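The sequence shown lines up with residues 1 to 756 when you count with the UniProt record's numbering.
Before any comments, here is the structure.
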Amino acid sequence: MLGICRGRRKFLAASLTVLFVPAITWIYLFAGSFEDGKAVSLSPLESQPHSPRYTASSQRERESLEVRMREVEEENRVLRKQLSLAQSRSPSHHRGNHSKTYSMEEGTGDSESLRAGIVAGNSSECGQQPAVEKCETIHVAIVCAGYNASRDVVTLVKSVLFHRRNPLHFHLIADAIAKQILATLFQTWMVPAVRIDFYDADELKSEVSWIPNKHYSGIYGLMKLVLTKTLPSNLERVIVLDTDITFATDIAELWAVFHKFKGQQVLGLVENQSDWYLGNLWKNHRPWPALGRGYNTGVILLLLDKLRKMKWEQMWRLTAERELMSMLSTSLADQDIFNAVIKQNPFLVYQLPCFWNVQLSDHTRSEQCYRDVSDLKVIHWNSPKKLRVKNKHVEFFRNLYLTFLEYDGNLLRRELFGCPSEADVNSENLQKQLSELDEDDLCYEFRRERFTVHRTHLYFLHYEYEPASDNTDVTLVAQLSMDRLQMLEAICKHWEGPISLALYLSDAEAQQFLRYAQGSEVLMSRHNVGYHIVYKEGQFYPVNLLRNVAMKHISTPYMFLSDIDFLPMYGLYEYLRKSVIQLDLANTKKALIVPAFETLRYRLSFPKSKAELLSMLDMGTLFTFRYHVWTKGHAPTNFAKWRTATTPYRVEWEADFEPYVVVRKDCPEYDRRFVGFGWNKVAHIMELDAQEYEFTVLPNAYMIHMPHAPSFDITKFRSNKQYRICLKTLKEEFQQDMSRHYGFAALKYLTAENNS
Numbered sequence: 001m002l003g004i005c006r007g008r009r010k011f012l013a014a015s016l017t018v019l020f021v022p023a024i025t026w027i028y029l030f031a032g033s034f035e036d037g038k039a040v041s042l043s044p045l046e047s048q049p050h051s052p053r054y055t056a057s058s059q060r061e062r063e064s065l066e067v068r069m070r071e072v073e074e075e076n077r078v079l080r081k082q083l084s085l086a087q088s089r090s091p092s093h094h095r096g097n098h099s100k101t102y103s104m105e106e107g108t109g110d111s112e113s114l115r116a117g118i119v120a121g122n123s124s125e126c127g128q129q130p131a132v133e134k135c136e137t138i139h140v141a142i143v144c145a146g147y148n149a150s151r152d153v154v155t156l157v158k159s160v161l162f163h164r165r166n167p168l169h170f171h172l173i174a175d176a177i178a179k180q181i182l183a184t185l186f187q188t189w190m191v192p193a194v195r196i197d198f199y200d201a202d203e204l205k206s207e208v209s210w211i212p213n214k215h216y217s218g219i220y221g222l223m224k225l226v227l228t229k230t231l232p233s234n235l236e237r238v239i240v241l242d243t244d245i246t247f248a249t250d251i252a253e254l255w256a257v258f259h260k261f262k263g264q265q266v267l268g269l270v271e272n273q274s275d276w277y278l279g280n281l282w283k284n285h286r287p288w289p290a291l292g293r294g295y296n297t298g299v300i301l302l303l304l305d306k307l308r309k310m311k312w313e314q315m316w317r318l319t320a321e322r323e324l325m326s327m328l329s330t331s332l333a334d335q336d337i338f339n340a341v342i343k344q345n346p347f348l349v350y351q352l353p354c355f356w357n358v359q360l361s362d363h364t365r366s367e368q369c370y371r372d373v374s375d376l377k378v379i380h381w382n383s384p385k386k387l388r389v390k391n392k393h394v395e396f397f398r399n400l401y402l403t404f405l406e407y408d409g410n411l412l413r414r415e416l417f418g419c420p421s422e423a424d425v426n427s428e429n430l431q432k433q434l435s436e437l438d439e440d441d442l443c444y445e446f447r448r449e450r451f452t453v454h455r456t457h458l459y460f461l462h463y464e465y466e467p468a469s470d471n472t473d474v475t476l477v478a479q480l481s482m483d484r485l486q487m488l489e490a491i492c493k494h495w496e497g498p499i500s501l502a503l504y505l506s507d508a509e510a511q512q513f514l515r516y517a518q519g520s521e522v523l524m525s526r527h528n529v530g531y532h533i534v535y536k537e538g539q540f541y542p543v544n545l546l547r548n549v550a551m552k553h554i555s556t557p558y559m560f561l562s563d564i565d566f567l568p569m570y571g572l573y574e575y576l577r578k579s580v581i582q583l584d585l586a587n588t589k590k591a592l593i594v595p596a597f598e599t600l601r602y603r604l605s606f607p608k609s610k611a612e613l614l615s616m617l618d619m620g621t622l623f624t625f626r627y628h629v630w631t632k633g634h635a636p637t638n639f640a641k642w643r644t645a646t647t648p649y650r651v652e653w654e655a656d657f658e659p660y661v662v663v664r665k666d667c668p669e670y671d672r673r674f675v676g677f678g679w680n681k682v683a684h685i686m687e688l689d690a691q692e693y694e695f696t697v698l699p700n701a702y703m704i705h706m707p708h709a710p711s712f713d714i715t716k717f718r719s720n721k722q723y724r725i726c727l728k729t730l731k732e733e734f735q736q737d738m739s740r741h742y743g744f745a746a747l748k749y750l751t752a753e754n755n756s
């Protein structure tokens with residue numbers, strides 16, 4: 001009987017009621033219908049008022065019995081209906097059910113009953129489930145700090161969004177790094193019916209910094225203890241998740257468990273599936289006190305309102321202070337303290353079935369939590385080994401995790417029909433701008449791309465750099481797609497200064513890049529390279545958006561606007577820092593030109609000096625950039641003068657001029673209307689000239705373009721007449737905008753274009 005949960009008892013009791021109450025009732029009624037061994041008719045038509053055996057008393061008794069019989073039949077009808085509903089809500093039916101009610105397996109409160117329930121299968125026979133309203137907002141709290149945790153949060157959120165049918169409100173306790181990354185990500189993700197609030201984790205450090213913690217999560221691993229104090233006072237309940245969680249079901253099912261809490265239960269937790277708290281893992285192993293196997297805090301249901309009334313803050317602090325006198329530090333961060341509190345106050349916890357937190361650390365009992373894929377609810381990678389953990393079914397779990405890791409996040413921007421979303425100014429402005437476009441315009445797709453919001457993940461890898469204190473520091477800025485990854489190591493070898501890169505990738509390609517970078521000693525040794533992922537969307541390569549993203553996220557006062565196919569000369573970083581001082585770039589509007597050359601050879605002995613480069617030019621090993629296909633692009637650099645120049649010299653703007661320049665970080669952005677191939681740099685240089693930047697060529701600087709296969713966009717430009725027509729239209733519109741913005745002085749651009 002210990003294996004039967006409360007819900008099954010209710011089901012059995014109800015079944016017995018339906019079966020036996022009618023029988024007992026009819027026996028009673030039938031017995032009451034006999035008098036002196038003779039049957040008394042219950043039909044009014046058969047009643048004989050004139051019979052000597054008929055009395056007023058027997059009439060009233062019969063009427064009373066008839067009323068009672070009808071009441072019992074009505075009760076039976078209601079019971080049958082309830083049983084029918086309970087059966088129709090079992091998982092076998094529920095998985096195809098999209099109504100607003102969710103089935104929930106019931107926790108038992110004791111591990112033996114729980115295990116027996118698991119062996120019997122995770123079905124909703126364990127109780128009729130409370131409803132989660134269709135548009136009820138589900139609140140989720142996550143503590144997140146640093147670059148790696150920010151990546152983990154994205155995968156967790158993807159798994160939640162994939163299954164969800166309710167509005168979500170994420171409460172992110174984040175440090176400055178995670179906030180910058182995730183705020184930009186969610187702002188550009190624009191998922192309907194999702195709200196994000198941030199809470200400064202650095203401000204909470206003083207609340208828990210007094211607790212010594214050996215866990216790899218550090219001080220942030222203790223911050224779940226102070227959520228009652230951190231989260232809004234009017235928030236009554238919240239689901240708290242670790243960043244290494246993957247959902248395999250609708251989170252509303254977990255939210256519905258709150259309705260099962262009784263009495264003083266305020267914490268919903270799954271039993272720990274390792275032997276850690278049993279203290280038998282090794283000799284002299286001494287864990288913190290816990291109730292039995294203890295509880296894992298990777299998934300927590302918190303009844304915040306009740307916890308506050310119970311003075312939770314005081315409760316956990318007193319417990320921690322007392323235990324630290326003998327334990328000296330925590331080994332599992334907040335989990336140790338939660339368990340110590342529960343050990344003394346077991347009535348606080350509602351034990352969740354273990355499939356709500358299948359723990360994949362080494363040597364756990366996680367296999368007892370499921371018999372089938374359909375049993376899985378939440379997967380918890382709670383080992384430092386993460387995907388390399390030892391588990392019988394680890395390949396299945398790893399594939400499930402990788403599915404969400406590489407899943408196209410753009411597909412999760414789906415509306416929740418019937419649920420009103422909060423007004424989003426950015427979304428409304430975007431819709432207004434798009435509605436003003438003419439869909440019959442042959443250049444509609446070009447114009448639309450200008451307003452496309454691309455999901456952006458800043459600082460995809462760890463970044464750590466403090467600019468030089470002399471205010472001369474320069475960041476190399478570039479953009480690339482997956483087919484140019486091979487250039488990264490070479491650029492890092494040529495440029496020792498900070499780099500800001502925008503990468504245009506799909507979700508799956510972002511993971512390929514991550515593996516590529518983590519496998520490269522060169523890239524992993526550099527912490528001053530900021531990798532910013534702009535996720536693919538639409539049919540064009542948004543080259544100028546990528547440049548703007550990379551430009552916006554530099555920490556130095558100056559930037560070198562380059563392209564990924566160019567290798568800068570050795571020592572260019574230090575040379576540019578000296579040039580910044582020499583030419584007083586801080587107080588003048590100058591654009592310092594780095595002359596561009598190219599080679600047609602895939603293997604090049606890179607010139608180590610200007611003299612060596614000039615020799616290779618004379619030998620035909622090197623050429624001035626695009627001299628044979630687009631001379632106008634770099635002709636104003638005046639390469640003939642550069643050959644003998646020893647001091648910087650000024651050049652004038654000319655039509656189609658597109659040099660690579662060093663400028664202050666406050667220079668204008670690139671114009672987003674230009675996508676793919678054509679006029680993307682030309683327009684930017686034109687605007688620098690309109691803002692009266694002075695173009696100055698550096699005499700001892702150079703960069704070399706390395707050969708590569710033609711890009712998809714240049715192929716479209718060459719083969720598609722409509723592409724070229726639209727580019728010409730966009731150029732004309734840009735020049736008109738320049739004239740309106742900069743007045744009479746900008747008329748020269750129209751004249752120059754007509755004469756070119």
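Ideal placement from N, C-alpha and C gives every residue a C-beta, glycine not left out.
Remember, it's a predicted structure, so these values are computed and weren't measured experimentally.
> According to DSSP, what are the bridge partners of D197?
Replying inline: H171
> Counting pairs of beta carbons, one from the stretch 138 to 153 and one from the stretch 440 to 452, are three or more of them closer than 8 Å?
Replying inline: no
>> For S609, count the other beta carbons within 10 Å of its own beta carbon; 16 or more makes it buried, fewer makes it exposed. Which is it?
In response: S609 comes out exposed.
> Out of curiosity, what's the CA-to-CA distance linking P420 and E236?
Replying inline: 22 Å
> Which value, in whole angstroms, describes the spacing of the CA atoms of L592 and V191?
Replying inline: 42 Å
> In three-state terms, what does DSSP make of M703?
Replying inline: strand
>> With H, G and I counted as helix, E and B as strand and the rest as coil, what does DSSP make of Y742?
In response: helix
> Assuming R650 and F734 make a contact with CB atoms under 8 Å, what is their CB distance in whole Å?
Replying inline: Incorrect: roughly 26 Å between the Cβ atoms, too far for contact.
> Taking DSSP as the reference, what is the three-state secondary structure of L42?
Replying inline: With a pLDDT of only 35 at L42, under the threshold of 50, the placement of this residue in the model should not be trusted; the figure read from the coordinates follows. If DSSP states are grouped into helix, strand and coil, L42 belongs with coil.
> Going by alpha carbons, who is nearest to residue 781 out of D507, F258, V299, T475?
Replying inline: In the structure as shown, the chain begins at 1 and stops at 756. Residue 781 is therefore absent and cannot be evaluated.
> Which of the three DSSP states, helix, strand or coil, is assigned to L324?
Replying inline: helix
> Can you round the beta-carbon distance between N357 and N399 to whole angstroms, since I take them to be within the 8 Å contact cut?
Replying inline: Actually they are not in contact, since the Cβ atoms of N357 and N399 sit about 20 Å apart, beyond 8 Å.
>> Quick check on the DSSP output: what are the complete alpha helix (DSSP H) runs of length 4 or more inside the stretch 598 to 670, in order along the chain?
In response: If we require 4 residues or more, the alpha helix (DSSP H) runs fully inside the stretch 598 to 670 come out as 610 to 619, 639 to 644.
> Just curious, the beta strand (DSSP E) that R237 is in, first and last residue?
Replying inline: 237 to 241
> Between L600 and P498, which are expected to be in contact by the criterion C-beta below 8 Å, what is the C-beta distance as a whole number of angstroms?
Replying inline: Beta-carbon to beta-carbon, L600 and P498 are separated by about 31 Å, too far to satisfy the 8 Å threshold.
>> Is it the case that the stretch 254 to 270 contacts the stretch 343 to 359, given that we only count it when at least three CB pairs across the two stretches are under 8 Å?
In response: When C-beta atoms of the stretch 343 to 359 are compared with those of the stretch 254 to 270, three or more pairs fall below 8 Å, so the two segments count as touching.
>> So, at 8 Å on beta carbons, what are the nonlocal neighbours of H285 in its own chain, with the 5 sequence-adjacent residues on each side left out?
In response: G279
> Under a Cβ-count criterion, where at least 16 other Cβ atoms within 10 Å of its own Cβ denotes burial, should W282 be classed as buried or exposed?
Replying inline: exposed
> Among residues of its own chain, excluding the 5 on either side of V663, which ones have a beta-carbon nearer than 6 Å to its beta-carbon?
Replying inline: In chain order, A591 place their CB closer than 6 Å to the CB of V663, counting only its own chain and leaving out the 5 sequence neighbours on each side.
> To which residues of the same chain is I337 closer than 8 Å at the C-beta, ignoring the five residues directly before and after it?
Replying inline: Counting only residues of its own chain and dropping the five nearest sequence neighbours on each side, I337 has a CB closer than 8 Å to the CB of I211, L222, L225, W288, W316, T319, A320, E323, T330.
> Between which two residues does the beta strand (DSSP E) carrying G146 extend?
Replying inline: Looking at the DSSP string, G146 is not in any beta strand (DSSP E); the run it does join, the alpha helix (DSSP H), is 146 to 163.
> Which residue's Cα is closest to the Cα of V529: E537, N166, L572, H553?
Replying inline: H553
> Going by the beta-carbon positions, is the gap between P607 and A645 smaller than 9 Å?
Replying inline: no
> With distances taken from CA atoms, which of H163, L301, Q180, I181 is nearest T228?
Replying inline: L301
>> What would DSSP say about L332, mapped onto helix, strand or coil?
In response: coil
>> Tell me the residue span of the alpha helix (DSSP H) that contains L227.
In response: For L227, the enclosing alpha helix (DSSP H) has its first and last residue at 227 to 230.
> CB-CB under 8 Å to A745, same chain, minus the five flanking residues each way: which ones, in chain order?
Replying inline: A690
> Buried or exposed: which applies to L156, given that a residue is buried once 16 or more other Cβ atoms fall within 10 Å of its Cβ?
Replying inline: buried
> Quick one: what's got a C-beta closer than 8 Å to H163's C-beta in the same chain, skipping five residues either side?
Replying inline: F247, A248, T249, D250, I251
>> What would DSSP say about S271, mapped onto helix, strand or coil?
In response: In the sequence under discussion, the amino acid at residue 271 is Glu, which differs from the Ser named in the question. E271 falls in the strand class under three-state DSSP.
> Hey, out of Y407, M619, A510, A256, whose CA is closest to V132's CA?
Replying inline: A256
> Straight-line CA distance for L567 to S427?
Replying inline: 40 Å
>> So, with DSSP's three-state summary, where would you put F460?
In response: F460 carries a coil assignment under DSSP once its states are collapsed to helix, strand and coil.
> Helix, strand or coil for V299 per DSSP?
Replying inline: In this structure, V299 counts as strand in the three-state DSSP scheme.
> Between the stretch 674 to 684 and the stretch 535 to 545, do three or more beta carbon pairs fall short of 8 Å?
Replying inline: Touching, yes, given that three or more Cβ pairs across the two stretches are closer than 8 Å.
> Does the stretch 506 to 520 come close enough to the stretch 468 to 478 that 3 or more CB-CB pairs lie under 8 Å?
Replying inline: no
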